[in-house]
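**Q** My numbering applies: residue -11 is where the sequence shown begins, and numbers increase by one.
For reference, the structure I am asking about is given below.
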Amino acid sequence: MTDRWQSAMDHAVAIARKAGETVREALLDDRKVATKSSSVDLVTQTDQKVENMIIQSVKEKFPNHKFIGEESVAAGESCVMTACPTWIIDPIDGTTNFVHAFPFVAVSIGFSVNKQVEFGVVYSCLEDKMYTARRGKGAFCNGEPLQVSNQKDIKQSIIATEFGSDRDPEVVENIFCSLRKILCIPVHGVRGAGTAAVNMCLVACGSVEAYYEIGIHVWDVAAGSLIVSEAGGVLMDVEGGELDLMSRRVLAANNKTIAKRIVKEIAAFSPYRDDAPPLK
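Written out as structure tokens, the structure reads:
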């Protein structure tokens, strides 16, 4: 039977690679920076240029498809996932990394139908690593199959997380409370690439056993969520329930044993949802 969405995935891979070239070229140029919600929530002209490039390219080929893009939402577009084919785009996941030339920057493109992610593409453009997954067909990096770690002992594990861009003292206290408790399990270590999409791909390829974060967005994790699950991993909310991509909370792990152990240590809180009405 013909795969209905294969041509869309092929286009996503091609445009992600082209976007990555734009990002690499921009690193050699002046990286002009602006801020969004705070002085540490950064956006560059390259973020906006890449997102526009992806959306225009997709519109030409798939004019009836819908979009959720990080910069589009920041400019006032709605962030609602419907049953329609929808492209969920983070043009530069790891903008702060990009600004500082820290070598983990990704283009992330998820594609959902009936509110279910059908394929995910994450291009770690400075590493030249193309992570892909198609529902029911496995996950790959540069064409090689991915498989999560088989480690079941939390004390033999590396956990990935990030600190986010919210500097509210209560939020920061919750972040460090979770980090302290997880470190003291003890685990082998805690790492963070500075990009949610790459952190999820690190779970998928077995380099870390789990990644959790509160405060990310649907465009950060839509593509990576499918890459993790297709590599044999598990996804859930940070309190152990089912993953809700709009909740801004995610836990991706190699197996349920590791995931459930981490849930016990997370000081959970609930950010304003991606699909909630705009704050006035």
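The beta carbon of each residue, even a glycine, is placed where N, CA and C say it ideally should be.
In the DSSP assignment, what residue or residues form a beta bridge with G8?
**A** In the sequence shown, counting from the first residue as 1, residue 8 sits at position 20. DSSP output for G8 lists no bridge partner at all.
**Q** Taking all protein chains shown into account, do 16 or more other C-beta atoms lie within 10 angstroms of the C-beta of R249, making it buried, or fewer, making it exposed?
**A** Here residue 249 is taken as the residue at index 261 of the sequence shown, counted from 1. Buried is the call here.
**Q** Could you check whether the Cβ of G131 sits closer than 8 Å to any Cβ belonging to chain D?
**A** Protein chain content of the structure displayed is limited to a single chain, and chain D is not contained in it.
**Q** Check whether the segment 209 to 218 touches the segment 185 to 196, counting contact only when three or more Cβ pairs, one atom from each stretch, lie closer than 8 Å.
**A** The segment 209 to 218 is in contact with the segment 185 to 196.
**Q** Go ahead and label S112 buried or exposed: buried means 16 or more other beta carbons lie within 10 angstroms of its beta carbon, across all protein chains shown.
**A** Position 124 of the sequence shown, counting from 1, holds the residue named residue 112. With 16 or more other Cβ atoms within 10 Å, it is buried.
**Q** Taking the CB atoms as reference points, tell me whether A148 and G180 lie closer together than 8 Å.
**A** Residue mapping note: residue 148 aligns to position 160 of the sequence shown, counting from 1. Residue mapping note: residue 180 aligns to position 192 of the sequence shown, counting from 1. Cβ distance < 8 Å, so A148 and G180 count as in contact.
**Q** How long is the line joining the alpha carbons of I146 and C193, rounded to whole angstroms?
**A** The residue you call residue 146 lines up with position 158 of the sequence shown. The residue you call residue 193 lines up with position 205 of the sequence shown. Roughly 13 Å between the two C-alpha positions.
**Q** Is it the case that the Cβ atoms of A121 and N102 are separated by a distance below 8 Å?
**A** Along the sequence shown, read from residue 1 onward, the residue named residue 121 stands at position 133. Along the sequence shown, read from residue 1 onward, the residue named residue 102 stands at position 114. Against a cut-off of 8 Å, the Cβ pair of N102 and A121 comes out as no contact.
**Q** Given E132, which residues of its chain have a CB within under 7 Å of its CB, disregarding the five upstream and five downstream residues?
**A** Working through the sequence shown from its first residue, we reach residue 132 at position 144. The answer is none, since no qualifying residue turns up.
**Q** Taking the alpha carbon of P79 as the point to measure from, which residue in Q44, V68, T245 has its own alpha carbon closest?
**A** Counted from its first residue, the sequence shown places residue 79 at position 91. Minimum Cα distance to P79 is reached at Q44.
**Q** Does the separation of the CB atoms of G124 and D154 fall below 8 Å?
**A** Stepping through the sequence shown from its first residue, residue 124 is reached at position 136. Stepping through the sequence shown from its first residue, residue 154 is reached at position 166. Not closer than 8 Å, so no.
**Q** With distances taken Cα to Cα, identify the nearest neighbour of D225 among L239, M118, M234.
**A** As a working mapping, residue 225 is identified with position 237 in the sequence shown. For the residues L239, M118, M234, the minimum Cα distance to D225 belongs to L239.
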